Amino acid sequence: MNRRLTLALTLFGLLLWNGAPVWSEEPAMVYVYKAVKDYGRQADLKKTLGSGDAIEEAEDGRNGYVIRRVEIRSEGHLLSLMGVGSEAELSDTQKGLLEVYRMGTSGTLADLNRFGPSNGRSITVNLVDVTGCDDRQKFPAVREDYWPKASKSTTTKGNKTTTAIDITISGVDSQGYGARTAREMKATFAHEFGHTLDQAQMEWGAYGPDGHHWQNEVIGERAAFKEGFANFVQLLAFPERARDYRASLFHVQYETASRTYNRFPPDDAQVKPTDLLRVEAVTTLLLWRFAQELGDGREKVMRAFQESNSYNNSLGRFLQTLVRQNPGDAAAIAKILDEETRKRMSNEEIRTLFGNDPGIESFLSGRTDPGARRVVSPPPADPAAVIRADQPPVSQPPPTAKVRIYKWKDKDGRLHFTDVPPPPDVPYTMMAPQPVPTVRSSGDNPFADE
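FYI, the numbering for the sequence shown is 26 to 475, going by my numbering.
Laid out in structure tokens, this is it:
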């Protein structure tokens, strides 16, 4: 064997060993059924542990669960593990577990694996059956301990790194949904699968004092992008959910040190324009609109994510990659970002986000810069006519007193009549007082199904 051939084979072997994207294989996905049978102090559970059972530690470190863990071989095998002969006998969450298994083994999400990192990923999907765990006295923490999640552990041996990923799906987040339970669980699975493609590390304390995150909450910038990308993967399988993310943005919320929330309309001056990029619903809709409105957008989003994907990935890093890979789309990309941040970001803030790019500069040259204008706050309104931040957005009927009336539409096309000017940059018409019916005053839940 000549030296050149030996060198080529050696390089080929090293690339395979380290996981090169060119020759990467889809990660192995194993599905495991876990039946939760009992809960208590681990020391007590060990005394009564049955054959084939195991103890799984609870989050508090003291207590644990008696579980039966079996690797699933087929759909029929899963049905038998759940103790039924037909689907009609399944509980709502058990139907969800079955549908998640079908979704995962049908290839619905498999195509996205080619965009994942080549880091020796192995994925275990834990389908946790909590049927019979409804007694909160007997199972006080089952909701917290088996909340859906994707967790990772990385092992390095020599020059080879492997990443073991565990996805937990239980349905505890979907209990009470009735016939919709299975679909909710599948959507959750798609979100958690999205996390398996992502290598970024979020900021410490990114979710605030309570450790939770909401679609419309201002959280860590990297955390918002991570959650937004996982939501985007969910939308690829369930596109109708885009309206839920849109509806959630009727206000933006900030968590306080006391774990309460202050809520403001996204156009409110108390919401920094750049804070909108720390809201996962905003990053979700950015990615979704890129995929929908750019030519071959889905592929472009995933290719840019694949290249920018790293431990310190961020929205800015992704956007710069997306523009560099698709220079002809720069203006369209910037326009979408401008619209999703309510046209409130300054040119300099947009420039900082994208970096120096001719296409972005071309877009900015034709844009009115909000940062260059002096904003004059409107005079205080009558407190009785002000909508509090913790209430749904309800348009008020026009005042009957002889005052100036401002007629304007919000971003959703709802008509408002107010005695104070609308938010900055919103067109309005001044008119004399006249009886006009309220456009929307019920305060209905915008998340409710139609």
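Every residue gets a Cβ at the ideal spot worked out from N, C-alpha and C, and that includes glycine.
Predicted, not measured: the structure shown is a model, and the values here were computed from it.
- Cβ neighbours of residue 287 within its own chain (closer than 6 Å, five residues either side excluded): 279.
- By the Cβ-count criterion, residue 273 is buried, with 16 or more other Cβ atoms from all chains shown falling within 10 Å of its own Cβ.
- Within the DSSP secondary-structure output, residue 88 pairs in a beta bridge with 66.
- In the structure shown, residue 211 adopts helical secondary structure according to DSSP, grouped into three states.
- In the structure shown, residue 176 falls within a strand segment according to DSSP collapsed to helix, strand and coil.
- Residue 271 and residue 89 have their C-alpha atoms some 40 Å from each other.
- Bounds of the alpha helix (DSSP H) holding residue 375 are 372–379.
- Rounded to the nearest angstrom, the gap between the Cα atoms of residue 171 and residue 361 is 37 Å.
- A Cβ-Cβ separation of about 19 Å leaves residue 254 out of contact with residue 300 under the 8 Å criterion.
- Counting the other Cβ atoms within 10 Å of the Cβ of residue 308 gives 16 or more, which makes it buried.
- Residue 109 and residue 120 have their C-alpha atoms some 11 Å from each other.
- Comparing C-alpha distances from residue 295 to each of 336, 314, 243 and 81 shows the shortest one belongs to 243.
- When only Cα atoms are considered, residue 156 and residue 164 end up about 11 Å apart.
- Here residue 224 carries a coil assignment [DSSP, helix/strand/coil].
- Collapsing the DSSP output to three states places residue 154 in a strand.
- Boundaries of the beta strand (DSSP E) harbouring residue 287: 286–289, taken from the DSSP string.
- Cβ contact annotation for residue 331 (same chain, cutoff 7 Å, sequence separation greater than five): 140, in chain order.
- In chain order, 140 and 350 place their CB closer than 8 Å to the CB of residue 328, counting only its own chain and leaving out the 5 sequence neighbours on each side.
- Residue 238 sits close to residue 252, with the two beta carbons spaced by under 8 Å.
- Straight-line measurement puts the Cα of residue 177 at about 7 Å from the Cα of residue 188.
- Comparing alpha carbon positions, the residue from 179, 325, 367 and 75 closest to residue 190 is 179.
- Sixteen is the threshold: when 16 or more other Cβ atoms of the shown chains lie within 10 Å of the Cβ of residue 52, as they do, the residue is buried.
- Spanning the alpha carbons of residue 77 and residue 194 requires a straight line of approximately 22 Å.
- From the listed residues 246, 247 and 230, the smallest Cα separation to residue 281 is found for 230.
- Restricted to the stretch 92–169, the beta strand (DSSP E) segments that are unbroken, complete and at least 3 residues in length are 146–154, listed in chain order.
- Beyond the five residues adjoining it in sequence on each side, residue 371 comes within less than 7 Å, by CB distance, of 394, 395 and 396 in the same chain, given in chain order.
- The Cβ neighbour count for residue 58, taken over all protein chains shown within 10 Å, is at least 16; the residue is labelled buried.
- Under the three-pair Cβ rule at 8 Å, the stretch 55–72 counts as touching the stretch 82–101.
- In this structure, the alpha-carbon of residue 175 lies about 39 Å from that of residue 388.
- As a beta-bridge residue in DSSP terms, residue 279 pairs with 287.
- Of the candidates 356, 364, 354 and 344, the residue whose Cα lies closest to the Cα of residue 377 is 344.
- For residue 393, there is no enclosing beta strand (DSSP E), as DSSP marks it with neither H nor E.
- In the three-state scheme derived from DSSP, where H, G and I count as helix and E and B as strand, residue 186 is classed as strand.
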